[in-house]
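Quick note: the sequence shown, position 826, residue 826 per the UniProt record's numbering, numbers continuous.
Structure record follows, encoded as structure tokens.
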Amino acid sequence: MAETLVSAVLGPVFEKLTDEAFKKFARSQNIHSELNDLQSKLTHIEAVHNDASRREVNEESVKLWLNNLQHLAYDIDDILDDVATEAMRRELARESGEFTSKVRNLIPTCCTKLSLTQTLHRKLDTVASRLQDLEKEKSDLGLVIGKDEKQKSNNRGNETCLLEPDIVGREGEKENLINKLLGGESSKENFSILPIVGMGGVGKTTLARLLYNDTRVKNHFELQAWVCVSDFDIVKISNAILGFDQLLKKLGFDHLDRVESLSDRDALSVLALHALGVNNFDSHSKLRSQGYLLNQSRTNNKAPEDLGHEYFEKLLSRSFFQYAPNDKSFYVMHDLMNDLATFVAGDMFLRFEQQTEMVVVEKALAKYRHMSFVREEYVSYQKFEAFESAGSLRTLLAVPFGEEQSWNAFYLSNKFLVNLIPQLPLLRVLSLRRFHIREVPDHIGKLKHLRYLNLSQTHIEELPENIGSLYNLQTLILFGCESLTKLPKSFVNLKKLRHFDIRDTKSLKKLPVGIGELRSLRTLTKIIIGGDEEGFAITELKGLSNLRGEISIEGLHNVQSATHAREANSSLRRLTKLGLNWSNGSRGGTLEKEVFNELKPHADMLNELKVEFYEGIGFPVWVGDPCFQKMVSVSIRDCRKCKILPPLGQLPFLKKLFIEGMDDVKVIGSEFTGTSNGVAFHSLEILSFENMSGWEEWSTNTEVLEAVFPCLGELSIKKCPKLKEVSLNALPSLRGLDIDECGNGILRSLVRSASTITKLKISRISKLTDEAWRGVLTYLGAVEEVDIRYCDNLLNLGEKEDDEDSNLLLSSLRVLKVSECKSMESCILNSNNSIERLWISDCESLTRVSFIGQKLKSLYIDRCKKLIMENMINTSMPMLEDVYISDWTDMKSQLIQLFSNSIHLTWIDIYDCPNCQSIDVASYPGGNWPPNLVYLLIGGLKKPISEWGSQNFPTSLVVLILRNEPHVRNFSQLSRLLPSSLEKLAICGFDKLESLSVGLQHLTSLQRLWISECPKLKDLPEALLPSLFELTIIGCPILTRRKFEIYSKKQVMLKLTANNRDTYSRDG
């Protein structure tokens, strides 16, 4: 396998050495003879690859020789890349007139040439010497030039679809089993059982099929039958084999034929066969890094991205890669494949994780070429300091660990950028995605080998001007950099740039001059049409003929002529996603419609269209044209002068449709369905209308259409206050309905059309009285989730005590959320035994909540001051997992007993309940807290925390937040409360707290300490806990910056807030 990787590196080397422009520059630097000699020696060495490949499996010395050759190939490639980069720099300088400047002319050309030549000679001499050593070792090892001899398998005929050439490494087991089947011992008995055992997936059934189809077996037995027992009763089977060992002895099975693991060589053959269609890696040895793809793409007349995509699809189809379980836009590798890749990479690659042993890492620092590390919440420099010696690194990737949420913040030590990156001059790939980086240091622009730079979702405001010196840069990702305001003028120098992603950069209002000259661009996700001579002109698009994928064109109001838009249209033919954006308040008129019409993309590619702030009265005819067979998503927003919607019902595969801010649309009818017969919106699954201030009526042409919205699963109508009439046929697939700021008549009309709704969310429904609500409930027999907000006319939710039919209402309900319903008095769900999550907040008139709590998992009650607790204590909650209660006047300690025995409870958040005596351990039967408690927030109770005794918290408790303790002056008063298992401790609103110097020393697992709103606090511990790496201090005015200086030198991410400004010390 090392041979394959060597070939992957040598490919780009040979490509450079044979390039005419490269050779011309080499002659100008007087290094062409050395390079010719280098090429000759590498050719001779490459010729023995096949022999080395055969022998490396069994001969450690050959494997070591290949490894050394691979490292040398990397070093040679780096030197040649230096030469190629310098050639590019001089060419660009010549084009820009740099060499004609007076300052430049003062420096003799021979001096600069001599300096470069001397450096190159020195480097080339070094690699030539190493290459000479490898040539000598090659001879000593007896490596010979010759073709690889393909292994020939003894093809035995079979008559099934299982092809023997697809089976690797089972010849020995097969012959052994056939001998047993056909041998004399088995023929002495009336019947013979030959068991094959092994772990799942190792190939037991495949081996049995091989035996079954073998010619010798077929000829031996008169009758054959294949029986596969797949579905079985586990209880019966278990009872039948309780005496399995004794059964085997009685039957005489002293030896079982176990299917063992494959040899390394056979395992590699299996993986090659599965991934590539042949039983070795040789035929795909050129499936390698970008250098190969560029070379192969020229040979195949394909772009490297297209060729790479083909290879990836092949690997995906063979399950080398697999779709991520929860997101089809991401891919994963099976553990076996991942282990193989790691094994093949050897000492070239390091996956740096928390459990990685630094002793092992430091021994191989000079050899590592590629490294990834886990993106943690706080990445300190201390763990990376040793990598300043890893000067050969080409790849440095920050990768996520598990699923990340959008609100997660990740901080990177500033020393990582300032100290480490300059020591890695050979970097080709650098990804620091999602870190809290505000400034990109200038030395990033000195990474002249860089091909890929990912700074997406960081907080940078600008890039350094010398970013234009990255002449090799091919991919720059700035997606989600919301603070980015400008790009450097030197951007025009990035002639090799192929992919530039600036999606979601809302502060970026202008592109630098010359973007249109970057003819290699294939991805340019956002274009901003300028209104002056220095801005980007839409006509520049015609020079970017390779664009594909996604593009958003902003500033279309600055286009002066429809002819200019027509010239740009040729660059839209390969787009799959197109966004067209005029400014808010553009001039409108016929010009906008003409420009819109000229920007029609190719119908056979586009699958997503977004239109914003278009001020024309109507849409071009191509919007909604059924020839757009691949269109799956359309979004039309803030087109305020349009009076009718385009005929989008004709799009056969449209799945998502969002309409927003269409103020002049009053009626939506047959013009929207856009078809005189048949089915309209045949595939639509999600439909949303929002902020339609003039919309009054919605109907469909039901007299001539067979069906409308047959697949609609989610419908949202928000802020449409004038909508009075909805006339729709049945919506058989509707599961989710979300209505906000509409009349109750609209709610009734829609639920009548969709009895299959399982999720209902309503907000600000005018005149939604109890009577109207009960009328709605009769259609909600299948509803499982209900979310009600700001419905001030609703008094009673759920059942009435005198209603005989109340047990039919909300019988399937699992989740109920009620908030900001000022007049609501009761919520009774006594006939429902399925409720799992109950969230009630800001219902100031609510006095009674009653439910069956046997399945309840989550209870949330906030700011319901009049709620009477006695109405809730008629049920236990054995399944409760989390409870949140705050600002509830009548809450008492007895409530704790309802869920005190829950072994599932992990989260307790109870504060500002002045009549609750305590929730300490004395409140729990048996004197024990819930055994699996992880998170506890307490404070503002009748009994101060400082008066609690020892609590015997479970060891599972890792987060403790203490709030609003009025009596504590020295934190040592609370020391007995704190379990040593804590990883996060927060102290909030301790008005009299003066000192934290004592009381924390036993918290040996503490990682995060949060202190807020402690106005008298003046002392902190002199020595930090060794495990601590985050200290957050907010609203403690007596503490001065001098107090924090000791911590900035420790391994701590220090966050201070003063005058509403955050400062960070990331030196730890």
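By construction, the Cβ of each residue, glycine as well, lies at the ideal position given by its N, Cα and C atoms.
Are any of the Cβ atoms in chain B nearer than 8 Å to that of Pro12? No chain B appears in the structure shown, which is made up of a single protein chain.
Cβ-Cβ distance between Arg375 and Phe349 below 8 Å: Within the sequence shown, residue 375 is the residue found at index 375, counting from 1. Within the sequence shown, residue 349 is the residue found at index 349, counting from 1. Not closer than 8 Å, so no.
Can you look up Leu256 in the DSSP assignment and give me helix, strand or coil? Counted from its first residue, the sequence shown places residue 256 at position 256. Residue confidence for Leu256 is low, a pLDDT of 43 falling below 50, so the modelled location carries little weight; the figure read from the coordinates is stated next. DSSP, reduced to helix, strand and coil, places Leu256 outside both helices and strands of the structure shown, so it counts as coil.
Beta-carbon separation (whole angstroms), Leu497 vs Leu518, contact threshold 8 Å: For the purposes of this step, residue 497 is taken as residue 497 along the sequence shown, with counting starting at 1. For the purposes of this step, residue 518 is taken as residue 518 along the sequence shown, with counting starting at 1. Contact holds; Cβ gap of about 5 Å.
On the three-state DSSP scale, how would you describe Asp501? What you label residue 501 is simply residue 501 of the sequence shown in a count that begins at 1. Asp501: strand per DSSP, three-state reduction.
Beta-carbon spacing of Phe653, Met631 below 8 Å: Residue mapping note: residue 653 aligns to position 653 of the sequence shown, counting from 1. Residue mapping note: residue 631 aligns to position 631 of the sequence shown, counting from 1. Yes, Cβ-Cβ distance for Phe653 and Met631 is below 8 Å.
Within 10 angstroms of its Cβ, does residue 1115 collect 16 or more other Cβ (buried), or is it exposed? The displayed coordinates of the chain run from 1 to 1068. Any statement about residue 1115 would go beyond what the structure contains.
What does the alpha-carbon distance come out to for the pair Leu1006 and Ser1027? Position 1006 of the sequence shown, counting from 1, holds the residue named residue 1006. Position 1027 of the sequence shown, counting from 1, holds the residue named residue 1027. Roughly 6 Å separates the two Cα atoms.
According to DSSP, Arg637 sits in a beta bridge with which residue or residues? Here residue 637 corresponds to residue number 637 of the sequence shown, with the count starting at 1. Paired residue(s): Glu612 and Glu660.
Could you tell me which residues DSSP puts in a beta bridge with Leu796? On the sequence shown, position 796 is the one that residue 796 refers to. Here residue 796 turns out to be Asn, not Leu, going by the sequence shown. According to DSSP, Asn796 shares a beta bridge with Ser826.
Glu554 burial status per 10 Å Cβ neighbour count (16 or more: buried): Reading the sequence shown from its first residue, position 554 is the one you call residue 554. Glu554 is buried by the Cβ-count criterion.
Inspect the CB distances between the segment 336 to 350 and the segment 990 to 998 and report whether three or more fall short of 8 Å. no
Just the C-alpha distance for Gly172 and His309, rounded to the nearest angstrom, thanks. In the sequence shown, counting from the first residue as 1, residue 172 sits at position 172. In the sequence shown, counting from the first residue as 1, residue 309 sits at position 309. About 39 Å.
Since Asn833 sits in a beta bridge, which residues does DSSP pair it with? Position 833 of the sequence shown, counted from the first residue, corresponds to residue 833. According to DSSP, which records beta bridges pairwise, Asn833 is partnered with nothing at all.
What does the Cβ neighbour count give for Lys857, buried or exposed, with the cut at 16 atoms within 10 Å? For the purposes of this step, residue 857 is taken as residue 857 along the sequence shown, with counting starting at 1. So Lys857 ends up on the buried side.
Quickly, what does DSSP pair Met333 with across the bridge? List them, please. Taking the first residue of the sequence shown as 1, we reach residue 333 at position 333. For Met333, which the question treats as bridged, DSSP gives the partners Phe321.
I'd like the ranges of any alpha helix (DSSP H) spanning at least 4 consecutive residues and lying wholly in the segment 685 to 751. none
Sorted by chain position, which residues of the same chain lie with C-beta nearer than 6 Å to Ser688's C-beta, five sequence neighbours on each side aside? Locating residue 688 in the sequence shown gives position 688, where the first residue counts as 1. Answer for Ser688: Phe658 and Ser716, listed in chain order.
Quick one: what does DSSP say Val492 is sitting in, helix, strand or coil? Counted from its first residue, the sequence shown places residue 492 at position 492. Val492: helix per DSSP, three-state reduction.
As assigned by DSSP and simplified to three states, the class of Lys302: If you number the sequence shown from 1, residue 302 lands on position 302. Lys302: coil per DSSP, three-state reduction.
My output table needs one value for Arg90: the three-state DSSP class, helix, strand or coil. Indexing the sequence shown from 1 puts residue 90 at position 90. Helix at Arg90.
For the segment 427 to 438 against the segment 450 to 459, are there 3 or more C-beta pairs whose distance is under 8 Å? yes
I'd like the span of the alpha helix (DSSP H) that includes Ala754, first residue to last. As a working note, residue 754 is residue 754 in the sequence shown. No alpha helix (DSSP H) contains Ala754, which DSSP labels as neither H nor E.
Closest to His449 by CA distance: which of Asn466, Tyr331, Arg428 and Val883 is it? To locate residue 449, count along the sequence shown from 1; it is residue 449. Looking at the Cα atoms, Arg428 is the closest of the given residues.
Can you tell me the Cβ-Cβ gap for Glu579 and Ser545, rounded? I've got them flagged as a contact below 8 Å. As a working note, residue 579 is residue 579 in the sequence shown. As a working note, residue 545 is residue 545 in the sequence shown. For the sequence presented, residue 579 should be read as Gly rather than Glu. Actually they do not touch by this definition, with Cβ atoms about 20 Å apart.
N- and C-terminal bounds of the alpha helix (DSSP H) containing Trp907: Counting from one through the sequence shown, the residue named residue 907 turns up at place 907. In the DSSP annotation of this structure, Trp907 is not part of any alpha helix (DSSP H); the continuous beta strand (DSSP E) holding it starts and ends at Trp907 to Cys913.
DSSP-derived helix/strand/coil call for Ala986: For this step, residue 986 is matched to residue 986 along the sequence shown. Strand, per DSSP.
Suppose you measure from the CA of Gly939 to the CA of Pro914; what does that come to, to the nearest Å? Here residue 939 corresponds to residue number 939 of the sequence shown, with the count starting at 1. Here residue 914 corresponds to residue number 914 of the sequence shown, with the count starting at 1. Here the alpha carbon of Gly939 sits roughly 10 Å from the alpha carbon of Pro914.
Nearest candidate by alpha-carbon position, reference Ala562, set Arg637, Asn597 and Leu316: Numbered from its first residue, the sequence shown carries residue 562 at position 562. When only C-alpha atoms are compared, the closest one is Asn597.
Which partner residues does Asp1019 have in the DSSP bridge list? The sequence position of residue 1019 within the sequence shown is 1019, counting from 1. For Asp1019, which the question treats as bridged, DSSP gives the partners Ser995.
If you count every other CB in all the chains shown that lies within 10 Å of the CB of Arg288, and 16 or more means buried, which is it? Residue numbering aside, residue 288 sits at position 288 when the sequence shown is read from its first letter. Note on Arg288: pLDDT 36, under 50, position unreliable in the model; no value is reported.
How long is the line joining the alpha carbons of Leu1025 and Leu1009, rounded to whole angstroms? Reading the sequence shown from its first residue, position 1025 is the one you call residue 1025. Reading the sequence shown from its first residue, position 1009 is the one you call residue 1009. The alpha-carbon atoms of Leu1025 and Leu1009 are separated by roughly 10 Å.
Would you kindly work out how many angstroms separate the C-alpha atoms of Gly468 and Gly445, rounded to a whole number? As a position in the sequence shown, residue 468 is number 468, starting the count at 1. As a position in the sequence shown, residue 445 is number 445, starting the count at 1. So the alpha carbons of these two residues sit roughly 7 Å apart.
Could you check the C-alpha separation between Val13 and Leu307 for me, to the nearest Å? Taking the sequence shown and counting its residues from 1, the one referred to as residue 13 is at position 13. Taking the sequence shown and counting its residues from 1, the one referred to as residue 307 is at position 307. Approximately 20 Å between the Cα atoms of the pair.
Extent of the continuous alpha helix (DSSP H) to which Arg209 belongs: Here residue 209 corresponds to residue number 209 of the sequence shown, with the count starting at 1. Per DSSP, Arg209 belongs to the alpha helix (DSSP H) from Lys204 to Asn213.
Once DSSP output is grouped into helix, strand and coil, what is the label at Trp929? Here residue 929 is taken as the residue at index 929 of the sequence shown, counted from 1. Coil.
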